[in-house]
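I have placed the structure first, in the form of structure tokens, so that the comments after it can refer back to it.
As structure tokens, this is what we get:
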């Protein structure tokens, strides 16, 4: 057996220095000298001429070819028997232990014992076994086949790994078509033995084997993500759903946690096809994901969804059911989605904005239907993109950042609100009117007049434009106040502010911890002392965000970081909360690249595995495929 072989090899590797009067060694520990040799050791020792029985020491190695001399211990071993034991062809035997374990050193009886050992059945059997192992055509064929069989599947797995990380297709109409087959044929062009392997029936190129390879890679990526996430105390969750090219509902789930460097990490876990889109079904899907990945749901401290009733509903939505399981978790309505809803409300309620958007949409349809019109439009207006909602688009980009935080989101919205109020000034309205008039004059267009029978008095001619802008600003400002007045965002912002105040030496005491609703699993007295200590360390650094504080603590010496363990937990609690579902929505771009019209019949399992490989290509690139090949060979 393998264990016995290992034991025998280990026995040959550790010889004892003690000798018994009978010539055998008192401990059955083998010598290490035989393992590193391909042939017996025969040192050239001509002086002094030692007598071994009736033979000289030098002539002894000529007569008995199997004698292996151990210089360090002045003993000899049977090279043939030791090699047979090392390769697992036979077990050690006490009758020959003096030639296989510690070594023979009774030189007075050397010639007699050598002759007896050479004629022994066990020595002859060892010679026969070694000869059959090395010389049989069957063994040579099996060895060559094993080498070819290892190189070809390895190339197959490497190509599948590269294509999975790039999101490229593997198969064509059948198994012997498509990119994978052509690359394998090209790679084995100068390797006839590997090409011979590909021509076999069982060549690991079938769709079933390919699905298994992708599954093993995807599971390995998920295991690495989960093993890192499980080391930390808190998780955040974002989820969103969309429809793919085959009109199947795809539910995307992303985990957010803080790594050892105190940086937020968004980890895509996969697409899941739910049978329906009810809150109960989606909640069961999330629970199933956490259960299968062995992630404790109790560590969930924040989740972010869009405004759909099935996920954000207060009674039967996913957030309500998660709140029952995790009472200390915070729910945040996706800040990007909230901003979109504000703009949609403005477009519906303000007639001028609605008319403008409808007109722009109509013009884009007319221009896009003809290449001639498109060229004419580009010649007149160029390719410069004009932002219809410039300040809002800037805020939207900031909210989509992977480093977005609750406090940063509220500050962005506050800045946008101030910008909106600045648009009510008379100077801005007059400037806007002058730009529109100049554009109309350049293009020989007439400015529209109010539909009145009588001429409008001069003092009232600009009131309609002013009223439209004021209505737009008021509607936008009111929508921002209403959509971003969320309890989860406010509490998360208070937690971040507590960390920032402490880092700048402005920490005011336990009342800040109480106002921030720090969970009960924190040692609040220790947190209070560590926040005070943090101010002594960093109050001159000018840290302005929770990410800045996290970077400062992450750069400290490990022993110093041990003094701020509760502060690190508070920073993890702040940074693990997602304020936007942009990470899940980014996976929809991956979905559109993977599941195209030509690949619309892809199974759900293959889609999820490819998506995980494509999104986490950095993990895939540094992955060793040798353990995965072993796992694939053991796959049922």
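In the UniProt record's numbering, the protein residues as written are 1 to 636.
Even for Gly, the Cβ is constructed at its ideal location relative to N, Cα and C.
None of the values given here were measured: they were computed from a predicted structure.
| query | Distance, Cα to Cα, residue 157 vs residue 190? | reply | Their Cα atoms are separated by approximately 19 Å.
| task | Going by CA-CA distance only, name the one from 546, 588 and 602 that's closest to residue 239. | result | Out of 546, 588 and 602, 588 has the C-alpha closest to the C-alpha of residue 239.
| query | Mind checking whether residue 125 and residue 79 have CB atoms under 9 Å apart? | reply | One thing to note: residue 125 has its Cβ no nearer than 9 Å to the Cβ of residue 79.
| field | Uninterrupted beta strand (DSSP E) stretches inside the segment 214-266 (no shorter than 3 residues) | value | Whole beta strand (DSSP E) segments, 3+ residues: 235-243 and 249-258.
| message | Here's a check: name, in chain order, each residue in its chain whose Cβ is nearer than 7 Å to the Cβ of residue 285, leaving out the five neighbours to either side. | response | Only 251, 272 and 274 meet the Cβ criterion.
| query | Using 8 Å as the threshold, is the segment 194-203 in touch with the segment 258-273, meaning 3 or more CB pairs across them? | reply | Contact between the segment 194-203 and the segment 258-273 is absent, because fewer than three Cβ pairs lie under 8 Å.
| field | Nonlocal neighbours in the same chain, by C-beta distance under 7 Å from residue 471, ignoring five residues either side | value | Hits under 7 Å: 350.
| Can you give the beta carbon distance from residue 469 to residue 424, rounded, assuming they're within the 8 Å contact cut? | Contact between residue 469 and residue 424 holds: their C-beta atoms lie close to 7 Å from each other, under 8 Å.
| According to DSSP, is residue 75 helix, strand or coil? | Residue 75 falls in the strand class under three-state DSSP.
| Terminal residues of the beta strand (DSSP E) in which residue 303 lies | For residue 303, the enclosing beta strand (DSSP E) stretches over residues 300-305.
| field | Environment of residue 291 [buried if 16+ CB atoms lie within 10 Å] | value | The residue is exposed, with fewer than 16 neighbouring Cβ atoms inside 10 Å.
| said: Runs of 3 residues minimum, wholly inside the segment 75-133: which ones carry the beta strand (DSSP E) assignment? | reply: For the segment 75-133, whole beta strand (DSSP E) runs of length 3 or above, ordered along the chain, are 75-78.
| said: Check whether the segment 172-192 and the segment 224-241 touch, using three or more Cβ-Cβ pairs below 8 Å as the test. | reply: Contact check between the segment 172-192 and the segment 224-241: fewer than three CB pairs, one atom from each, fall below 8 Å, which does not count as touching.
| task | Return the bridge partner residues of residue 330 from the DSSP annotation. | result | According to DSSP, which records beta bridges pairwise, residue 330 is partnered with 302.
| Can the beta-carbon of residue 374 be found closer than 9 Å to that of residue 365? | No, they are not a contact pair.
| query | For the beta strand (DSSP E) that residue 68 lies in, which residues bound it at each end? | reply | It spans 67-70 - the beta strand (DSSP E) in which residue 68 sits, taken as one unbroken run.
| query | In chain order, what residues of the same chain lie with their CB nearer than 7 Å to the CB of residue 623, ignoring the 5 residues before and after it? | reply | The beta carbon of residue 623 is closer than 7 Å to those of 220 in its chain, skipping five residues each way along the sequence.
| said: Taking its Cβ as the centre, do 16 or more other Cβ atoms sit within 10 Å of residue 315, making it buried, or is it exposed? | reply: So residue 315 counts as exposed.
| In the DSSP assignment, what residue or residues form a beta bridge with residue 271? | Looking at the DSSP assignment, residue 271 forms a beta bridge with 252.
| field | As assigned by DSSP and simplified to three states, the class of residue 377 | value | Helix at residue 377.
| Near residue 301, which residues of its chain fall below 8 Å by C-beta distance, leaving aside the five closest residues on each side in sequence? | Contacts found: 234, 235, 236, 326, 328, 329, 330, 519, 573, 576 and 577.
| message | With a threshold of 8 Å, are at least 3 pairs of Cβ atoms found where one atom belongs to the segment 537-557 and the other to the segment 510-526? | response | Taking 8 Å as the limit for Cβ pairs, the verdict is that the segment 510-526 does not touch the segment 537-557.
| Using the C-alpha atoms, what's the distance from residue 293 back to residue 410? | Looking at the two C-alpha atoms, the distance is approximately 34 Å.
| field | Option in 111, 152, 81 and 154 with minimal Cα separation from residue 121 | value | Selected option, being the one with the closest Cα: 81.
| message | Among the candidates 227, 174 and 499, whose CA atom is the shortest distance from the CA of residue 210? | response | Closest option to residue 210, Cα to Cα, is 174.
| message | Only counting the same chain, and skipping five residues up and downstream in sequence, which positions put a Cβ closer than 6 Å to that of residue 89? | response | Listed in chain order, the non-local C-beta contacts of residue 89 below 6 Å within the same chain comprise 129, local neighbours out to five positions each way being set aside.
| said: Tell me the residue span of the alpha helix (DSSP H) that contains residue 392. | reply: Segment 390-399, the alpha helix (DSSP H) holding residue 392.
| said: Pairs of beta-carbons, one from the segment 526-536 and one from the segment 388-408, closer than 8 Å: are there three or more? | reply: Too few Cβ pairs lie closer than 8 Å, so no.
| task | If I'm right that residue 581 touches residue 594 with Cβ under 8 Å, what's the distance once you round it to whole angstroms? | result | The C-beta distance from residue 581 to residue 594 rounds to 20 Å, too long to fall under 8 Å, and the pair is not in contact.
| field | Run of the alpha helix (DSSP H) containing residue 567, from where it starts to where it stops | value | According to the DSSP assignment, residue 567 belongs to the alpha helix (DSSP H) that extends over 565-575.
| From residue 336 to residue 399, what does the alpha carbon distance come to, in whole angstroms? | Spanning the two alpha carbons is a distance of roughly 6 Å.
| Where residue 17 falls, given that 16 or more other Cβ within 10 Å makes a residue buried | Below a pLDDT of 50, predicted positions are generally treated as unreliable, and residue 17, at 34, falls in that range; the measurement from the model is reported next regardless. By the neighbour-count criterion, in which a residue is buried when 16 or more other Cβ atoms sit within 10 angstroms of its Cβ, residue 17 is exposed.
| field | alpha helix (DSSP H) segments (min. 4 residues) lying fully within the UniProt domain "HAT C-terminal dimerisation" (569-618) | value | 582-594 and 604-615, all fully within the UniProt domain "HAT C-terminal dimerisation" (569-618).
| Taking the C-alpha atoms as reference points, what is the distance between residue 226 and residue 232? | When rounded, the distance between both Cα atoms is 10 Å.
| Assigned secondary structure, residue 41 (DSSP; H/G/I helix, E/B strand, else coil) | In the structure shown, residue 41 sits in coil (DSSP, three-state: anything other than H, G, I, E or B).
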